[in-house]
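Everything in the sequence shown is counted per our numbering, starting at 3 for the first residue and increasing by one. Written below as structure tokens is the structure these notes are about.
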Amino acid sequence: HRYNEREINWEQAARYGITPDVLKNSKDSLERMLQGKSSAVAFHIAKPSELGRESGDAKLSLFRDENGVVKFDIHYIRQAPKVGEDYRGYTLTEDDLKTLNQTGNLGKTVDMVIDYRTKETRPCYLSKDPVTNELFHMPVEQVRVPRKVKDYTLSPSEYEAALRGEEVPIRFKSNNGNYYTTSIQMSAAERGVEFLWERSTKKLEEAQKQGQEQDGSQQQPHAPVQVAGKPRKKEEASQQAEKKPRTRKPSI
């Protein structure tokens with residue numbers, strides 16, 4: 003974990019209308035936040051501001067301020083990025099947005115500004131949160147690409163493809179003894195490799211060329227995006243931004 007639960011400022015959370023039980027009972031939100039990731043679901047946040055009481059649906063994450071104190075960061079649901087929009091010196095194309103909407107990741111590395119003071123650019127991964135539409139970047143040099151995922155060992159070509167940010171189809175045996183077929187990909191939002199599950203666009207046959215089998219794949223059950231543990235209504239989602247239903251990840 004990047005953070006300890008004892009470091010969390012629950013008084014700050016209470017001002018937002020969030021309690022420990024709410025976080026602990028909302029999928030694995032608290033666990034993800036302790037790992038340095040954003041919450042698994044969005045919550046309705048209401049907090050005081052100079053203009054009164056500010057409210058909206060948002061994911062939560064943790065960060066340390068300049069004094070080392072752990073605080074909550076709020077990631078409000080926003081409008082989806084548009085073609086031609088600039089993000090850290092990189093201009094998003096129509097193909098970029100199509101890929102980001104499909105897998106959540108750009109599928110390649112691009113040069114981005116990592117320091118606005120010096121204007122320094124470096125190759126980065128780019129991802130988009132499917133719920134909040136927030137864009138995330140992560141320099142390639144800060145990533146460790148695993149050579150083995152579960153019991154599946156990446157071939158040299160698959161490893162290089164993953165390092166480039168591409169989608170890599172795999173088949174592995176989980177701890178419960180079941181076999182699963184999916185793809186993995188580097189995610190700036192997840193700060194590392196993630197399983198794509200229903201967002202996979204590549205077939206296992208592509209990996210089969212390198213000696214992998216494809217029999218025994220399992221279909222994953224579906225579940226809607228949730229806000230504070232409660233499914234969002236379609237009309238509510240459209241008021242904030244366009245969002246896609248997510249699939250419940252299997253226990254692996």
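Cβ coordinates follow ideal geometry from the N, Cα and C atoms, glycine included. All values reported here derive from a predicted model rather than from experimental measurement.
Boundaries for residue 44: no beta strand (DSSP E) harbours it, and the DSSP string shows neither H nor E there. Around the beta carbon of residue 182, 16 or more other beta carbons sit within 10 angstroms, so the residue counts as buried. In the displayed model, residue 151 falls within a strand according to three-state DSSP. Rounded to whole angstroms, residue 36 and residue 69 show a C-alpha spacing of 19 angstroms. Around the beta carbon of residue 93, a 10 Å sphere encloses fewer than 16 other beta carbons of the protein chains shown; the residue is thus reported as exposed. Note: residue 17 is not bridge-paired with any residue in the DSSP secondary-structure output. When the beta-carbon positions are compared, residue 29 and residue 15 stay at least 8 angstroms from each other. If only complete runs of 3 or more residues are kept, the region 75-146 shows the beta strand (DSSP E) at 112-117, 122-130 and 137-141, in order along the chain. Nearest to residue 199 by C-alpha distance, out of 126, 141, 104 and 72, is 104. Non-local C-beta neighbours of residue 84 in its own chain, meaning closer than 6 angstroms and more than five positions away in sequence, are absent.
According to the DSSP assignment, residue 161 belongs to no beta strand (DSSP E) but to the alpha helix (DSSP H) extending over 158-165. Exclusion of the five residues before and after residue 121 leaves 115 as the residues of its chain whose Cβ lies within less than 7 angstroms of its Cβ. Residue pairing by DSSP places residue 185 opposite 171 in a beta bridge. Counted as a single uninterrupted DSSP element, the beta strand (DSSP E) harbouring residue 196 occupies residues 194-197.
As the crow flies, the alpha-carbon of residue 109 is around 5 angstroms from that of residue 168. If you draw a 10 Å sphere on the C-beta of residue 98, you find 16 or more other C-beta atoms in it, and that means buried. Here DSSP, grouped into helix, strand and coil, assigns residue 31 to helix. In the DSSP annotation of this structure, residue 205 is not part of any alpha helix (DSSP H), being labelled neither H nor E. Selection 102, 21, 60 and 161 evaluated against residue 134 yields 60 as nearest (Cα-Cα). In the three-state DSSP reduction, residue 24 falls in the helix class (H, G or I). Pairing residue 147 with residue 165 gives a Cβ-Cβ distance under 8 angstroms.
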